[in-house]
Structure formats: structure tokens, C-alpha cells
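Reading through the C-alpha cells given below for one structure.
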Amino acid sequence: MGERSQENVFVLMAAAIREAARLTARTLELARVETDGNIRALAGLAAKVLAIAVLVVSAFFVFLDAAVKMLAALIGLEAISALIVAAPFLGVAVILGLMGARRIALHNLEPWRSLREAERIAALAPSLAPSPGSALSRPAPSSR
0 MGERSQENVF
10 VLMAAAIREA
20 ARLTARTLEL
30 ARVETDGNIR
40 ALAGLAAKVL
50 AIAVLVVSAF
60 FVFLDAAVKM
70 LAALIGLEAI
80 SALIVAAPFL
90 GVAVILGLMG
100 ARRIALHNLE
110 PWRSLREAER
120 IAALAPSLAP
130 SPGSALSRPA
140 PSSR
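For the sequence shown, the positions run 0 to 143 when numbering that gives the first Met the number 0 is used.
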């Protein structure tokens, strides 16, 4: 009787393992299907956003062309009307360029935070500071 009950336990365990494997396979298949659907939805959304951006940019250029043509009809010269329409954009481009040049100046690229942190550490631990003759204590050569 004990032998038969042990056999039944093994049969039940094998059936449970088989069922668990089947359920795991179904769960993984469902996850794959859902992931594929999500990826397709995201790709479609990205394509729509890109198409909208292209249409907005092209509509902006059509608007600029229409503004130039309208001013050309009023003034009589298309070159001057193109300069009038382009002047605000040129002004904004110059301002942004100057702001960018100021931000990228070599003075702003120096690692001030790292230098301050190194000075703070050196002040806290004078025994760890470099000796006067070491390479770390020499000033950096000036670049001209």
C-alpha cells in the first residue's frame, strides 16, 4: 500500500510539473503577443509623430513663402520682401548664437567644481596634500 501511494505521489508530481510547464509556456506566449502589440503601437505612434513634425515644418515654410509673396505684391520687389520676412529669424539666430558662444567659452568649461572640491579635501587633510616639489603642486603652464 505504501509503495502504491508513493507511486501516486510521483504521478501527481509529474502531472503538476507538466501542467506548470504548460501554464508557463502559455504565459510566455501571452507576454510575447502583448509585447509585440505594444511595440507595434509605439512604432505607429512614433511614425505619426514624425509625420506630424514633417507636416508642421513644411507648413511653416509654405507660410513663409506666402508671406514673402504677399509682401512682394505690396512692395513690388521680392528680394526686399524676403529680407523683411527673414530679418526676425536672423535676429533670433544671432542672439542664440551669441548666447551659445558665451556658454561655450573656455572660461565656462573649466572644472571649477572639481577644483573647489580638491581644495576642500586638501584643506581637510593637510597630510594628504602634495609636497611642494611634486608634480601636483606645480602650476599648470599657461596656454596662449
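Each residue gets a CB set at the ideal place from its N, CA and C atoms; glycine is no exception.
Chain-order list of residues whose beta-carbon lies under 6 Å from that of residue i (same chain, five-residue window excluded)
{"i": "arginine 143", "result": "Reliability of the predicted coordinates at arginine 143 is poor, the pLDDT of 48 falling under 50, and the value obtained from them is presented with this limitation in mind. Answer for arginine 143: no residue qualifies."}
First through last residue of the alpha helix (DSSP H) which encompasses residue i
{"i": "glutamate 118", "result": "111-123"}
{"i": "glycine 99", "result": "77-102"}
Residue closest to residue i, alpha-carbon to alpha-carbon, out of the options
{"i": "arginine 68", "options": "Val56, Ala52, Ala85 and Val53", "result": "As written in the sequence, residue 68 is lysine, which differs from the arginine given in the question. Cα-wise, what sits closest to lysine 68 is Ala85."}
{"i": "isoleucine 83", "options": "Ile94, Ala71, Val93 and Ala92", "result": "Ala71"}
{"i": "proline 87", "options": "Pro110, Arg17 and Leu63", "result": "Leu63"}
Classification of residue i by the beta-carbon crowding that lies within 10 angstroms, buried from 16 upward
{"i": "serine 80", "result": "buried"}
Proximal residues to residue i (C-beta, below 7 Å), its chain only, five neighbours per side dropped
{"i": "glutamate 77", "result": "Val67 and Ala71"}
Chain-order list of residues whose beta-carbon lies under 8 Å from that of residue i (same chain, five-residue window excluded)
{"i": "leucine 29", "result": "none"}
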